[in-house]
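**Student:**
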Amino acid sequence: MEFTEFNLQPDLLEGVLAMGFSTATPIQAQSIPIIQTGSDLIACAQTGTGKTGAFLIPMMDKLSQAKKGGGKILSLILVPTRELAIQIDQQVQGLAYFAGLNSLAIYGGNDSKGWDQQKTAIMQGIDILIATPGRLLSHLALGYVDFSDIRFFVLDEADRMLDMGFMPDLQRIHKFVPESAQRLLFSATMPPNIRKLAQTLLRKPQEISIAVSKPAQNVVQTAYLTFDGQKDRLVQMLLKDSDHQSVIIFVSAKKKVSTLAEALIRMGLNAQAIHSDLDQSQREQVMLDFRNRKVQILVATDIVSRGIDITEIGLIINYDVPRDPEDYIHRVGRTARADASGAAITLINEKDQYSFKRIEKLIEKIIDKTPLPDQLGAAPKYDPDTNRRKFGTDNKRGGGGRNNDSKSRPSGKQPHTNPQKKVQADGKPIVKTHPTAEQATESTRPKRRPRNRNAKATGSQRNTDTNPTA
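Numbering (the working numbering), first residue to last: 570 to 1039.
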């Protein structure tokens, strides 16, 4: 479907065509007409399919026709990361010149000057506000944010936001959004918690689901079976003679990102690390240097697996197997874009073998397991089902082993309980009661051993003995 068929405002259509868009992607072709009707929408399509344009273009088309209110915010787009906020803001700015709209991206990590600039812009009125939940709540708490005239409320990468523990924040922000606003939820995957969120926030939404596509045919996918102690040397060997101009290495843990990047730098390789513990200015500089080919190797968490548009990446290395099969597709999707060729290499330790089997099931392809170089020694045997039982790693979405690159947030999940309930001698289940505040205080105090080891102190004696006021 061509963009000329959507009956867009002439100025906006001129901007869309000027940016090189002519034919709509499937998610755009299905979403834009629904949004134009004013219906709420829940849409599922993987990263890189044009989701941002699917909601930005019809939203900006409507806003360009709307009468603006002074000091008001007309639309709110919530995103999980500052990088995605910046990218969407850049796309808005590309079209805003033609549509006569303005935008602002707010996210954490700014200095006091940046905060003051955000506050001033919000109070003056913004057509399109792009924000991360935490920073937006900080502004909302001060009482000068006016959401009374919002026409659009958009959640982008909703599954990622829930993975990062933003559910309570989303619910708090939603209370400020007027009932009249059109609500749009876009997600790369559709697990049960996303449907629950949609039921909470959206009103009789229409639903679109674009099937998760397989990695591009021109991506050469291989894997190595390794022990954890072999991974660093293997990565170094893979990169030593690499002629790829741009390489991304995905690592699950933030601490390992830095140590691996430092090891590569000591080898004389042009590498940099990026993760959420860096200052915002540092992260932006690293991404700019990587885009401009000043940095060849980017060692990163999944912070760059979604929402970051970087072309001509020749090699992806999965230092750790992603917990969700869909995340593998997002990672590998960073390479072989725009019909270019690329390669993806995954390192599989024993406990990640079942996770990798799930990936192969999703993409409907058995990936070749390349033998380790002889100098690295023997590799673990590939036996995913046995190792699943051995390590107990089902690795379902939202599992406790997931290490997202986000500031720690409560997941809202209940602690794991043993399905085999303990029973008393009469067969009745043992019911545990929660202690009172006073009891809890007593139970958490340190207990001293009796002075006479042969004597048996009572519980009351111990508590008296450890009373700090005694």
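Backbone N, C-alpha and C define an ideal beta-carbon position, used for all residues, glycine too. Predicted, not measured: the structure shown is a model, and the values here were computed from it.
Please return the same chain residues whose Cβ sits closer than 8 Å to the Cβ of residue 717, not counting the five positions on each side in sequence.
**Tutor:** These residues qualify, in order along the chain: 641 and 747.
**Student:** Could you give the residue range of the alpha helix (DSSP H) that holds residue 580?
**Tutor:** Segment 579-587, the alpha helix (DSSP H) holding residue 580.
**Student:** Compute the distance between the beta-carbons of residue 713 and residue 691, then report whether it is under 8 Å.
**Tutor:** Yes; because the gap between Cβ atoms is below 8 Å, this pair is in contact.
**Student:** Relative to the C-alpha of residue 597, which residue among 570, 824, 668 and 761 is closest?
**Tutor:** If we check each option's Cα against that of residue 597, 570 comes out closest.
**Student:** Please name the residue in 730, 731, 683 and 798 whose C-alpha comes closest to that of residue 708.
**Tutor:** The option with the nearest alpha carbon to residue 708 is 683.
**Student:** If we count Cβ pairs, one from each stretch, closer than 8 Å, do we get three or more for the region 886-902 versus the region 922-938?
**Tutor:** Flag = yes, the region 886-902 and the region 922-938 touch.
**Student:** By the three-class DSSP mapping on this structure, what secondary structure does residue 776 have?
**Tutor:** DSSP places residue 776 in strand when its eight states are reduced to three.
**Student:** Comparing alpha-carbon positions, which option in 903, 755, 634 and 646 lies nearest residue 777?
**Tutor:** Selected option, being the one with the closest Cα: 755.
**Student:** Taking 7 Å as the line, does the beta carbon of residue 600 fall inside it for any heavy atom of the ligand NAD?
**Tutor:** The model on display carries no ligand, and the ligand NAD is accordingly not part of it.
**Student:** Work out the CA separation of residue 760 and residue 616 for me, nearest whole Å.
**Tutor:** C-alpha separation (whole angstroms): 16 Å.
**Student:** If you compare alpha carbons, which of 948, 646 and 792 is closest to residue 929?
**Tutor:** Checking every option, the nearest Cα to that of residue 929 belongs to 792.
**Student:** By DSSP's criteria, residue 898 is part of a beta bridge. Which residues make up the other side?
**Tutor:** Answer is none; residue 898 lacks a bridge partner.
**Student:** In three-state terms, what does DSSP make of residue 648?
**Tutor:** The answer is coil: DSSP assigns residue 648 none of H, G, I, E or B.
**Student:** Taking 8 Å as the cut-off, does the region 685-704 touch the region 605-614 (at least 3 CB pairs, one atom from each stretch)?
**Tutor:** Cβ pair count under 8 Å is below three, so no.
**Student:** Closest to residue 808 by C-alpha separation, out of 744, 868, 858 and 763, would be which residue?
**Tutor:** Closest by alpha carbon: 868.
**Student:** Would you mind stating whether residue 841 and residue 816 have Cβ atoms separated by less than 8 Å?
**Tutor:** The answer is no: Cβ separation not under 8 Å.
**Student:** In whole angstroms, give me the CA-to-CA distance for residue 844 and residue 932.
**Tutor:** Those two C-alpha atoms are separated by around 28 Å.
**Student:** Please determine if the region 574-586 and the region 628-636 are in contact, where contact requires at least 3 C-beta pairs separated by less than 8 Å.
**Tutor:** Yes, the region 574-586 is in contact with the region 628-636.
**Student:** Would you kindly work out how many angstroms separate the C-alpha atoms of residue 918 and residue 675, rounded to a whole number?
**Tutor:** Answer to the nearest angstrom: the Cα atoms are 39 Å apart.
**Student:** Helix, strand or coil for residue 742? Go by DSSP, reduced to three states.
**Tutor:** Residue state, collapsed to three classes: helix.
**Student:** For residue 766 and residue 657, what's the separation of their Cα atoms in angstroms?
**Tutor:** Going from the Cα of residue 766 to the Cα of residue 657 covers about 23 Å.
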